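Just so you know, we're using numbering that gives the first Met the number 0 here: the sequence shown kicks off at 0 and counts up by one. Just so you know, even glycine gets a beta-carbon here, dropped at the ideal spot from N, CA and C. It should be emphasised that the depicted structure is a prediction, and the values quoted were computed from it without experimental measurement. Here the structure comes first, spelled out in structure tokens, and everything after it is commentary.
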Amino acid sequence: MTPQVGSALRRFKVMAVVVGIGLLILCLEIVLHYGFDNTSLNWWSPIHGVLYMLYLVTTVDLGFKVRWPLMKTVGVMLAGVVPFFSFVMERKVAREVQARDADTLTA
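The following block contains the structure:
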């Protein structure tokens with residue numbers, strides 16, 4: 000694995016986990032706000048938005064470095080909007096990129 004791909008993968012993995020946790024907090028904020036009229040977590044929405052944008056940037060960066068097709072990149076980006084799915088995609092993408100690079104080294 001090239002250093003560029005390795006660092007892009009690490010950044011992606013961190014952001015996928017951070018966005019996954021952030022989305023769960025956002026879901027809690029929505030339940031509290033609309034279900035119980037509690038606005039104690041209203042400050043979280045804009046923070047989650049910034050974190051999601053950083054996730055998009057790291058996904059595009061990794062996608063360019065490993066030469067994903069556009070639709071695959073978009074699919075991985077959309078994984079950040081479904082609760083728990085970013086955790087699944089983080090693991091799937093990491094395995095795929097590492098296997099791809101292992102195949103490249105043996106070829």
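Taking 7 Å as the limit between beta carbons, can you name the residues of its chain near Y51, skipping five residues before and five after? On the sequence shown, position 52 is the one that residue 51 refers to. Closer than 7 Å at Cβ, skipping near neighbours: V18 and G79.
Quick one: Cα of V96 to Cα of D60, how far? As a first step, residue 96 is located in the sequence shown; it is residue number 97 there, counting from the start. As a first step, residue 60 is located in the sequence shown; it is residue number 61 there, counting from the start. Approximately 13 Å between the Cα atoms of the pair.
Please list, in chain order, all residues of the same chain as H32 whose beta carbon is under 8 Å from its beta carbon, the five residues on each side excluded. One-based indexing of the sequence shown puts residue 32 at position 33. Around H32: T38, L40 and N41.
Tell me the residue span of the alpha helix (DSSP H) that contains R9. Translated into the one-based positions of the sequence shown, residue 9 becomes position 10. First-last of the alpha helix (DSSP H) with R9: P2 to I29.
What does the alpha-carbon distance come out to for the pair L8 and A93? One-based indexing of the sequence shown puts residue 8 at position 9. One-based indexing of the sequence shown puts residue 93 at position 94. The straight-line gap from Cα to Cα measures roughly 7 Å.
Pull up the distance between the alpha-carbon of K12 and that of V30, whole angstroms please. What you label residue 12 is simply residue 13 of the sequence shown in a count that begins at 1. What you label residue 30 is simply residue 31 of the sequence shown in a count that begins at 1. Spanning the two alpha carbons is a distance of roughly 27 Å.
Cα separation between V4 and R66? Position 5 of the sequence shown, counting from 1, holds the residue named residue 4. Position 67 of the sequence shown, counting from 1, holds the residue named residue 66. Using only the alpha carbons, I get a separation of about 11 Å.
Sequence-distant residues of the same chain with beta carbon closer than 6 Å to A15, five excluded per side: Stepping through the sequence shown from its first residue, residue 15 is reached at position 16. Only S85 and E89 meet the Cβ criterion.
Please return the same chain residues whose Cβ sits closer than 6 Å to the Cβ of Y141, not counting the five positions on each side in sequence. Outside the modelled stretch of the chain, which goes from 0 to 106, sits residue 141, for which no answer is possible.
Shortest alpha-carbon distance to V56 belongs to which of P68, T72, P45 and I46? One-based indexing of the sequence shown puts residue 56 at position 57. Selected option, being the one with the closest Cα: T72.
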